[in-house]
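Each protein sequence line maps, in turn, to chains A and B. Residues 998 to 1353 (the numbering used here) make up the first sequence, in order. Residues 117 to 651 (the numbering used here) make up the second sequence, in order. All residues carry an ideal CB built from backbone N, CA and C; glycine is no exception. Keep in mind it's a predicted model, so treat the numbers as computed, not measured.
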Amino acid sequence: MIRFEPRSNPGPLLVYGVPVLAATIAILLAAIPLALAGAPIIEAYGLMISGAFGSVFSTSEMLTRATPLILTGLAAAIAFRAKLWNIGAEGQLYMGAMAAVAVGSGVIDGPSWVMIPVVIIAGMAAGALMLIGPTLLKTRLGVDEVVTTLLLNFIVLLFVQMMLEGALKDPMSMGWPQSEPVIDSAAFPALLERMRVHIGLIIALVSAVALAIFVKRTIWGFEIRAVGENAAAAKFSGISVTKTMILVAALSGGLAGLAGVSEVAGTRGYLATDLSPGYGYAGIVVAMLARLSPIGVIASALFVASVFVGADSMSRAIGVSSYLADLIVAMALLCVLIGGFLTRFKVHFDRKSVHG
Amino acid sequence: MSSAAHTPSETSQDLLLSLAGVTKRFGSLVANDAIDLTVHKGEIVALLGENGAGKTTLMNILFGHYVADEGTVTVAGRDGNLEQLEPGAPQAALDAGIGMVHQHFTLAENLTGLDNIVLGTEPIFRLRRDRSSARAKLGELMAGSGLNVDLDQPVYKLTVGEKQRVEILKALYRNARLLVLDEPTAVLTPQEADSLFAILRKLAATGLAVIIIAHKLAEVLAVSHRIAVLRGGAKVGELKTSDANHKSIAELMVGREVPASRRTPRAPGKPVITLADVTIDRGDSRRSLHGVNVTAREGEILGIAGVSGNGQAALAQLIAGLDKPDSGTVEIFGEKVTKFDAHTFAQNGIARIPEDRHHDGMVGSMTVAENIAIEDVRSAEYQKLGFLDFEAIRKRAEHAIADYDVRCPGPDAPARLLSGGNIQKLILARVLEKSPKLILANQPSRGLDVGAQSEVHRRLLEARESGAAIILISEDLDELLTISDQIAVIHAGHITPAMPTDSIDRSELGLMMAGQKAAPHAPDGTTTTKPGETA
């Protein structure tokens, strides 16, 4: 018989070591599907590593991929901290991108130091509003936010499609459903010449640090933690659960919207319906891998991005499916969840069985 | 109160259960340390101990939920031969005739009493149910013991006391020879408790052995034949009930002398809070009040007596600022309250001690210091421009930990590591430090051990001395009669006028808690009954 005994206070080694161990195990486990696909395993690992870190270019690509993942990861982390189950980061990302394009593709113009904050604020506001709606429905009427935020993703994507065929359509796109490009003064400058990595990365890193400080050291962060850990006690002590939830919604939606801004203004330059390959959903995985720690999100986003970029490049080189990357990320998540369980509980294997 | 008079014979043939040297360790914690316990036929043994003394662990070993690290459990077979009970096998315990009545009943509410009792004893694959034999057997059991209850009523229609009878019948129907009752009187009125004791004595006279797990000393003295006291996992004493008294057992349980709580006469001041004709209708009696009038004065403890689930929750929610009245007014210091909001209430000098201290009183993953400051983080003292002043928060916590003797690894330890008594001290430190004008104490000592209980009482009496008005909602009559100045009874959402404690007769209070009398006393305190006996 197996018994589980709760651990009263897991030490720091357990708390920080388990996610790292889980990620390592997941990468090692990738050898199984690689072998099944008939690929040379050692060579495949080598190609994966060089695909993500082998050159300035590949590292830049990895960081470009990590940028939106950090932001959507933070969006999920702060929401889940407060037990607001925001599954709608994908939709909030697109709304943020659309708002950025709406104000940043020539309607107004100015110097960069004006235009960049303008697109950022517009995008964050749009993302925030996308989550405040479902949150009000949750706190007022008890509507399950998992359902509303998830379904809103599809509505937003169709709405974006509609706008790209109509109001936002670029007349110069020769019929492609895409928006007018973001003007130069609103575009995020690149960090390295001829590389794609842009200041969105710096913004994401600063956001992570700022969020960590916000949660740990401010009264609003205090209230978010209290509401997330025990809403009844928070309410009893006089903290307004509704106000706190709306604040969380604004932060979470805003960060997801910022991811969208960063993608249109930094990486892509224009809005199209394939702007995000599911960054909103991947953000949930990133946040879970990071155990909802804002600083941890940076590490886990870098991990997920390198697996994606590395596996992409490896699969092109030796001809196995790039779905392998999804597989590794999924396994890492499973390993972390199991690891999280093992940090909270001690497992005893009793040799003596019980008669049934 | 008189102790049980007769003592059963204690010859070795009558030995039914014997625990010998039972030891159970959880890591470094010794939950049970070489405990010996015997129970004879027809004997009622009370198992006493503070929380964490090891009572539950011991019973879990008896029922096969845990395996003891050392020691044996021996049960006399039906033929009288002692046999060792197979460790870790709940079915073996049931087969040996050990029955358990849990504090929280395990009945299916939508089925009748009879259904609940025979549930699991009938073969599944049979088209027709024949229950005449079950009825006959239950009829016999009821006649012999006085466990009368209408078995054809669905369980949800039964009172708590009746549900408990169904539970006991369920165990007896399964031929229990040893009945274990876990805190059986926690949910009963004094009358119901008395009738339970009468039943238990009758059952014992027919040869049933009973173990009662309890912490109310008066009850233990009233019903048991023998008392075993556990402390810190070890059995620290065992004595015949006839040789025991209240003080000696309390000291055995706590391991030191327990100061008796005593209130000194004091003239009450002006009204602090007045509820006038307050109605809150939430559709269910637990959360509703009907035209309630309550006044609490400075320097006075107003006790609200009642069986749980009679509207105490609604009253507490209202005074805690978590709910507002549908009609009627609430005045605090003569001013009508218009904003019912927990934050405002807490900041305006109302100390609120929640009923469920784990659920409403603390955030387990946050630190002790954060939990102490939780009501006040928005005040200028603990923040600058929205950033928490951890230095100030920590300083207050260190102060509180020392003053209120909160046993914890330190101010930065997560609050969930604290025991129930220490969580309550933490809450007291949080709310009493601010010299409140009004204190809502909702079941402040429930589930606490004797030592922590007396600490809570001392703090409340101190606050009373310094002029606070205290509303004490409690189900524990001893507590109410010991520390309150006035007592009002709540039943089905109605509250009687407050009566001076000294004029109250205990059994009359019990009747009022059961809703049998409205308001027997004139509110001015002229009394027709003899002074109540307090424990």
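Beta-carbon gap between residue i and residue j smaller than 8 Å
i	j	result
residue 274 (chain B)	residue 254 (chain B)	no
residue 1214 (chain A)	residue 504 (chain B)	yes
residue 285 (chain B)	residue 160 (chain B)	no
residue 534 (chain B)	residue 446 (chain B)	no
residue 1227 (chain A)	residue 480 (chain B)	yes
residue 556 (chain B)	residue 469 (chain B)	yes
residue 1270 (chain A)	residue 1079 (chain A)	no
residue 599 (chain B)	residue 542 (chain B)	no
residue 225 (chain B)	residue 271 (chain B)	yes
residue 354 (chain B)	residue 385 (chain B)	no
residue 1106 (chain A)	residue 1176 (chain A)	no
Helix, strand or coil at residue i according to DSSP, with G and I counted as helix
i	result
residue 149 (chain B)	strand
residue 558 (chain B)	strand
residue 412 (chain B)	strand
residue 1234 (chain A)	coil
residue 1291 (chain A)	helix
residue 86 (chain B)	An answer regarding residue 86 (chain B) cannot be provided, because it is not within the stretch 117 to 651 covered by chain B.
residue 1175 (chain A)	strand
residue 344 (chain B)	strand
residue 198 (chain B)	strand
residue 1169 (chain A)	coil
residue 632 (chain B)	coil
residue 225 (chain B)	coil
residue 525 (chain B)	coil
residue 220 (chain B)	coil
residue 494 (chain B)	coil
residue 504 (chain B)	strand
residue 534 (chain B)	coil
residue 1111 (chain A)	helix
residue 1034 (chain A)	coil
residue 614 (chain B)	coil
residue 594 (chain B)	helix
residue 290 (chain B)	coil
residue 964 (chain A)	This structure leaves residue 964 (chain A) out entirely; chain A is present only between 998 and 1353.
Cβ neighbours of residue i in the same chain (closer than 6 Å, five flanking residues each side left out)
i	result
residue 1322 (chain A)	1304, 1305 and 1308
residue 340 (chain B)	160, 162 and 357
residue 408 (chain B)	391, 394 and 611
residue 1194 (chain A)	1057, 1060, 1061 and 1188
residue 1297 (chain A)	1283, 1286 and 1287
residue 125 (chain B)	Confidence at residue 125 (chain B) is low in this model, with a pLDDT of 47, below 50, so the placement of that residue should be treated as unreliable; the coordinate-derived value is given next. Nothing meets the Cβ criterion.
residue 1009 (chain A)	none
Opening and closing residue of the alpha helix (DSSP H) in which residue i lies
i	result
residue 1087 (chain A)	1086-1101
residue 313 (chain B)	306-321
residue 1065 (chain A)	1053-1078
residue 1142 (chain A)	1142-1162
residue 1014 (chain A)	1009-1026
residue 1340 (chain A)	1320-1341
residue 1204 (chain A)	1197-1214
residue 364 (chain B)	362-370
residue 574 (chain B)	566-581
Presumed contact (8 Å Cβ cut-off) between residue i and residue j, rounded CB distance
i	j	result
residue 1174 (chain A)	residue 1166 (chain A)	7 Å
residue 510 (chain B)	residue 485 (chain B)	5 Å
residue 163 (chain B)	residue 329 (chain B)	5 Å
residue 1129 (chain A)	residue 1216 (chain A)	Contact flag wrong, Cβ pair sits at about 21 Å.
residue 1087 (chain A)	residue 1254 (chain A)	So it is not a contact: roughly 11 Å between Cβ atoms.
residue 1070 (chain A)	residue 1096 (chain A)	About 21 Å separates the two Cβ atoms, so there is no contact after all.
Terminal residues of the beta strand (DSSP E) in which residue i lies
i	result
residue 588 (chain B)	585-590
residue 139 (chain B)	131-142
residue 600 (chain B)	Taken as a continuous stretch (DSSP letters only), residue 600 (chain B) belongs to no beta strand (DSSP E), as it is neither H nor E.
residue 187 (chain B)	186-192
residue 620 (chain B)	Counting along the chain, residue 620 (chain B) falls outside any beta strand (DSSP E), and DSSP gives it neither H nor E.
Residues near residue i in its chain [Cβ-Cβ closer than 7 Å; skip 5 each side]
i	result
residue 508 (chain B)	497 and 498
residue 548 (chain B)	467, 575 and 579
residue 1041 (chain A)	1031, 1311 and 1315
Chain-order list of residues whose beta-carbon lies under 8 Å from that of residue i (same chain, five-residue window excluded)
i	result
residue 344 (chain B)	153, 161, 162, 163, 164, 351, 353 and 354
residue 552 (chain B)	465, 466, 467, 579 and 584
residue 1334 (chain A)	1285
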